[in-house]
Amino acid sequence: MLPDFFVVGAAKSGTTSLYHFLDRHPDVYMSPIKEPNHFCTDIRIDEFSEEFKRHEREKNLDLSRYLAGDMKEKHWGYFVRERSDYLKLFRNITTEKAAGEVSNSYLFSHRAAANIRQEIPAAKIIMMLRNPSERAWSHYLANLRDGKTYLPFMDEIKKDAGKNPKGWGRSYLYLEMGLYYAQVKRYMDLFPAGQLKIFLYDDFKKDPGDVMNQLFEFIGVPSMSGDLFREKFNRARSPVSSRLLYFLSKTGIKRKLFRAIPAPFRKSVKDSFFKSSQPQLPGDDIKQYLAGYYRNDIVLLESLLGRSLQSWVE
Amino acid sequence: MMKHGRKTNLFIVGAAKAGTTMLYQHLSAHPQICMSSIKEPNYFSSEGIKSDHLYYKEPVVEQESVYSRLFNPSPGQKIIGEASVSYLFYPGTAEKIFSYNPETKIVIILRDPVRRAFSPYLMDRKLGLVPFSFDEVVLKPVDENKKTYFQQYVLYGLYFDQVRKYMDVFPAGQVRIFLFDSIRDHLPEVLSQMENFLGLSSPLKPVDNPDINEAAMPSSKLTAMLYRQRAMRRLLRAAVPDSLRNTLRGKLFEPPSELMSAASMEWLRNYYLDDLCKLERLIQSDLKAWYE
Numbered sequence: 048m049l050p051d052f053f054v055v056g057a058a059k060s061g062t063t064s065l066y067h068f069l070d071r072h073p074d075v076y077m078s079p080i081k082e083p084n085h086f087c088t089d090i091r092i093d094e095f096s097e098e099f100k101r102h103e104r105e106k107n108l109d110l111s112r113y114l115a116g117d118m119k120e121k122h123w124g125y126f127v128r129e130r131s132d133y134l135k136l137f138r139n140i141t142t143e144k145a146a147g148e149v150s151n152s153y154l155f156s157h158r159a160a161a162n163i164r165q166e167i168p169a170a171k172i173i174m175m176l177r178n179p180s181e182r183a184w185s186h187y188l189a190n191l192r193d194g195k196t197y198l199p200f201m202d203e204i205k206k207d208a209g210k211n212p213k214g215w216g217r218s219y220l221y222l223e224m225g226l227y228y229a230q231v232k233r234y235m236d237l238f239p240a241g242q243l244k245i246f247l248y249d250d251f252k253k254d255p256g257d258v259m260n261q262l263f264e265f266i267g268v269p270s271m272s273g274d275l276f277r278e279k280f281n282r283a284r285s286p287v288s289s290r291l292l293y294f295l296s297k298t299g300i301k302r303k304l305f306r307a308i309p310a311p312f313r314k315s316v317k318d319s320f321f322k323s324s325q326p327q328l329p330g331d332d333i334k335q336y337l338a339g340y341y342r343n344d345i346v347l348l349e350s351l352l353g354r355s356l357q358s359w360v361e
Numbered sequence: 041m042m043k044h045g046r047k048t049n050l051f052i053v054g055a056a057k058a059g060t061t062m063l064y065q066h067l068s069a070h071p072q073i074c075m076s077s078i079k080e081p082n083y084f085s086s087e088g089i090k091s092d093h094l095y096y097k098e099p100v101v102e103q104e105s106v107y108s109r110l111f112n113p114s115p116g117q118k119i120i121g122e123a124s125v126s127y128l129f130y131p132g133t134a135e136k137i138f139s140y141n142p143e144t145k146i147v148i149i150l151r152d153p154v155r156r157a158f159s160p161y162l163m164d165r166k167l168g169l170v171p172f173s174f175d176e177v178v179l180k181p182v183d184e185n186k187k188t189y190f191q192q193y194v195l196y197g198l199y200f201d202q203v204r205k206y207m208d209v210f211p212a213g214q215v216r217i218f219l220f221d222s223i224r225d226h227l228p229e230v231l232s233q234m235e236n237f238l239g240l241s242s243p244l245k246p247v248d249n250p251d252i253n254e255a256a257m258p259s260s261k262l263t264a265m266l267y268r269q270r271a272m273r274r275l276l277r278a279a280v281p282d283s284l285r286n287t288l289r290g291k292l293f294e295p296p297s298e299l300m301s302a303a304s305m306e307w308l309r310n311y312y313l314d315d316l317c318k319l320e321r322l323i324q325s326d327l328k329a330w331y332e
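In order, the protein sequences belong to chains B and A. Going by this note's numbering, the first residue of the first sequence is number 48, and it counts up by one from there. Going by this note's numbering, the first residue of the second sequence is number 41, and it counts up by one from there.
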C-alpha cells in the first residue's frame, strides 16, 4: 500500500514536530522511518560527497532487517529506494484512514513532485514554509549542534554555497533550500489546489493545535484537542565547544563515545556538551545579508501564493 | 477551437456582484489581453442557466461557433479572457472548462456573502423585477417564485462547495482567489498580483473610471456599453412591460436607498457562518470580517 499524503518540507521548518503530531492521531499511519526519501529519484547517494556518504553510513540502519521486523523503533531518515522496501513501511496499516510520510528532500528535488503525481494522482501534499532567513540560521544551528561545522555563520554558508558541485548530498544548501519559489511552483503546477496545503511556520508556532486540526481536516480525519500539540521537537542547542564537537563528530568518536556510555547516563553526558542557555541569534549584518539574498524570491513567492509574506521581510 | 486557433485561457468565474465587471474593465484595457466582446457569454454554464429561466430568457451563448466569435485576439495578445459569473455557481462548469482548456487560468473574486446577497436585490428592486421585500425572500422563501430569488440572492453566497470544485479540478498554480475587500482597498496591489499571475510583460494599470469607462479606451468602452445594454435588455425583457422600460432605465444607476433589516442581516450571518469557516480554511484567508 502506498501513502496518501506527503509532507514535503521545508527542512528546519517544524516538519519533525508535524511528524510526531500526525503520528499521535489514531486514524493516521506514519511511515516508521520519518524521511524515506523514495520519490526524489534525482537525488542519488552514489553521487554524494564523502562527507555526506559518511552521514548516511552513520545512520547505521540495516534496512532489510528493519523492514522484516516489527518496525516499532522509529528512524529519522533513510534513502528507501526500492519500491518493494518502500511498500513495507506501510504494511502495518490496519484501521487508519490516512497514511503518510515526511521527506523534506521532496520539496528541493526536481523530480519528486512529478513522480508522486504520476504514481499517486490523488496524493495530498503538505508544505510548511518558514521565513527563509530564519530557516537558514536554524539549519546552521542544527549543524553546529550535530558537530557538522564549527565555522562562523558567514564563513560556513559561503563555503557551502561555493562548493562545486553542490546539491543535496554534496552541500548543506543553507541558502538554496530557502529559495522556495521554484520549489513550490513545481507542486502548484502539477497538483490541484484542493490537494495542496501550504502552512506557514509562524502560524504553526503560534497555534500548533489550530494548524494540526486544519491538517487533519485536509487529510480527512477527525480533529483532536489542541492541547496535545504543545511539545517541541528537534530544537537547536549551542555546543560548549563547536570545534571539539566537530572533531569528535568527524572522527566518529562522538558516536562511539555515546554508545559506550550506559543508556541511563547518556542524556546527561550529551547535555554536558551543550550550553543550557537559549541558542544564539544572528547579528544584524547576517540578518541584512539574508534579507537581501531572499528579497526577490519572497516577492515571487507572494505572487505565486497570492498571500502576503510581509512578516518575512520586516 | 476558435478560428484563430486559440482558446480562452482566462476565466473570471465569479462571484456575481463581487467586482468582476470592474476587473473585466481593468483587464480589457491592457494591450496583451483580449477580453470577450460580451462580458458574460455564459457558454460553459448554458445548460444550468436554461433550466432556471429567470434572468436568462434571452439565449446565452450555446454554440461554439458563436462563442469563438466573441474573441478577436491580435497575435500579441497572450491572454484571451471572459468573465461569466454563473460559472462559479452552476455545478459541472469547472469540469467543462477544464476539458475545454486544462491549462487555463481561473480567477475567483469573493465578497462578504451577506452584502453580496443584498446587491442583486437592490438592482432587481430598481428594475421592478422583484415583487417581494428582501425579508420575504430571505426569511420566508416558501413558494417556487421566492425560491428562485432565494437562489439568486442567498444560495449564490454559499461559496465553499463552489470554490472547492475549482480547486479540485485545476492545478493550484492556475487558480487565483481575490477578495472584494482587497480589490476595493488595495487595487494597485491586486492588479500587480494579477499581472504576475497572467505573466504580462507590462504593468496592469487601473482604468480611471471603471464604472462609466474611459473615452481614452475605446475598445473597453464599446465592450462595456454592449454589455450594459445587453444585460439590461435581458433583464427588462424578462419581466417588465415595454411601457415601463424607459422610466426604469433612467433609475438604474441611482444610489441604493434601502437598507437591509436587522432580522435578515442576523439570519444571513448565521446562515453563512459554517460555510465561511470552512471556506476560510480551504482558501487559507482570514475572513473574520465577514462573520464576526
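For each residue, glycine too, the CB sits at the ideal point set by N, CA and C.
Kindly list the residues whose CB is nearer than 8 Å to the CB of residue i, restricted to its own chain and excluding five residues on each side of it in sequence; keep chain order.
i	result
C74 of chain A	F111, N112, P113, S114, Q117, I119, I120, G121
Y293 of chain B	G194, K195, T196, Y197
K119 of chain B	P79
Y312 of chain A	P153, V154, G197, L198, W330, Y331
L237 of chain B	A160, A161, R164
R342 of chain B	V360
If I measure Cβ to Cβ from residue i and keep anything under 6 Å in the same chain, skipping five residues before and after, which residues do I get?
i	result
Y130 of chain A	S85, G88
E102 of chain A	S86
G61 of chain B	M175, Y248, F251
T133 of chain A	F84, S85, Y127
D326 of chain A	none
S218 of chain B	D207, K210
S41 of chain B	This structure does not reach residue 41 of chain B, given that chain B is present from 48 up to 361, and the question cannot be answered.
If you follow the alpha helix (DSSP H) that residue i is in, where does it begin and where does it stop?
i	result
I333 of chain B	331-352
K232 of chain B	227-237
M259 of chain B	255-266
H67 of chain B	62-70
K358 of chain B	Residue identity check: residue 358 of chain B is Ser in the sequence provided, not Lys. Here the alpha helix (DSSP H) through S358 of chain B covers 357-360.
L49 of chain B	Looking at the DSSP string, L49 of chain B is not in any alpha helix (DSSP H), and its letter there is neither H nor E.
R302 of chain B	300-307
S68 of chain A	60-68
E87 of chain A	86-92
Hey, could you find the ends of the beta strand (DSSP E) residue i is sitting in?
i	result
H122 of chain B	122-124
L150 of chain A	145-150
F53 of chain B	52-54
K81 of chain B	80-82
M75 of chain A	73-75
Based on DSSP bridge pairs, tell me the residues matched to residue i.
i	result
V75 of chain B	B:A145
G54 of chain A	A:I148
V246 of chain B	As written in the sequence, residue 246 of chain B is Phe, which differs from the Val given in the question. According to DSSP, which records beta bridges pairwise, F246 of chain B is partnered with B:M175.
C317 of chain A	None, per the DSSP bridge assignment.
F276 of chain B	Answer by DSSP bridge pairing: none, since F276 of chain B is not bridged.
P326 of chain B	Note: P326 of chain B sits in no beta bridge, so no partner.
F321 of chain B	B:P286
Can you find the residues in the same chain that come closer than 7 Å, C-beta to C-beta, to residue i, ignoring five residues on each side of it along the sequence?
i	result
L243 of chain B	I172, Y234, M235
K334 of chain B	S180
R46 of chain A	P113, I120
G213 of chain A	none
R158 of chain B	C87, T88, D89
Y133 of chain B	P83, H85, V127
Ranges of the beta strand (DSSP E) found wholly within the segment 100-132 of chain A, counting only runs of at least 3
Listed in chain order, the beta strand (DSSP E) runs fully inside the segment 100-132 of chain A are 119-123, counting runs of at least 3 residues.
Pick out the complete beta strand (DSSP E) segments inside the segment 149-220 of chain B, 3 residues or longer, and give them in chain order.
The qualifying runs are 171-176.
So, does the segment 349-356 of chain B touch the segment 226-236 of chain B, judging by three or more C-beta pairs under 8 Å?
Touching, yes, given that three or more Cβ pairs across the two stretches are closer than 8 Å.
Any chance you could list the beta strand (DSSP E) runs of at least 3 consecutive residues sitting entirely within the segment 85-149 of chain B, in chain order?
Fully enclosed beta strand (DSSP E) runs of 3 or longer: 122-124, 145-149.
Count the C-beta pairs between the segment 56-70 of chain B and the segment 95-110 of chain B that are closer than 8 Å, then say yes if the count reaches three, no if not.
Taking 8 Å as the limit for Cβ pairs, the verdict is that the segment 95-110 of chain B does not touch the segment 56-70 of chain B.
Please specify which runs of the beta strand (DSSP E), each continuous and at least 3 residues long, are wholly inside the segment 146-229 of chain A, giving them in chain order.
For the segment 146-229 of chain A, whole beta strand (DSSP E) runs of length 3 or above, ordered along the chain, are 215-219.
Within the chosen definition, does the segment 185-204 of chain A reach the segment 315-326 of chain A through at least 3 CB pairs nearer than 8 Å?
Yes, since at least three Cβ pairs between the segment 185-204 of chain A and the segment 315-326 of chain A fall closer than 8 Å, the two stretches touch.
Taking three-plus beta-carbon pairs below 8 Å as touching, is the segment 255-269 of chain B in contact with the segment 66-75 of chain B?
They touch, by the three-pair rule.
Could you check whether the segment 146-158 of chain A touches the segment 49-58 of chain A, counting it as contact only if at least three pairs of C-beta atoms, one from each stretch, sit closer than 8 Å?
Below 8 Å, enough C-beta pairs join the segment 146-158 of chain A and the segment 49-58 of chain A to call them touching: three or more.
Using 8 Å as the cut-off, can you tell me whether the segment 53-66 of chain A makes contact with the segment 149-162 of chain A, which would need three or more C-beta pairs spanning the two stretches below that distance?
Because the criterion of three Cβ pairs below 8 Å is met, the segment 53-66 of chain A and the segment 149-162 of chain A touch.
Does the contact criterion of 3 or more C-beta pairs under 8 Å hold for the segment 229-236 of chain A versus the segment 167-178 of chain A?
Touching, no.
Segment contact flag, the segment 296-307 of chain A with the segment 171-189 of chain A, C-beta cutoff 8 Å, min 3 pairs
Yes: the two stretches touch, three or more of their Cβ pairs being nearer than 8 Å.
Determine contact between the segment 311-324 of chain B and the segment 281-292 of chain B, defined as no fewer than three beta-carbon pairs at a distance below 8 Å.
Proximity of the segment 311-324 of chain B to the segment 281-292 of chain B meets the contact definition, three or more beta-carbon pairs being nearer than 8 Å.
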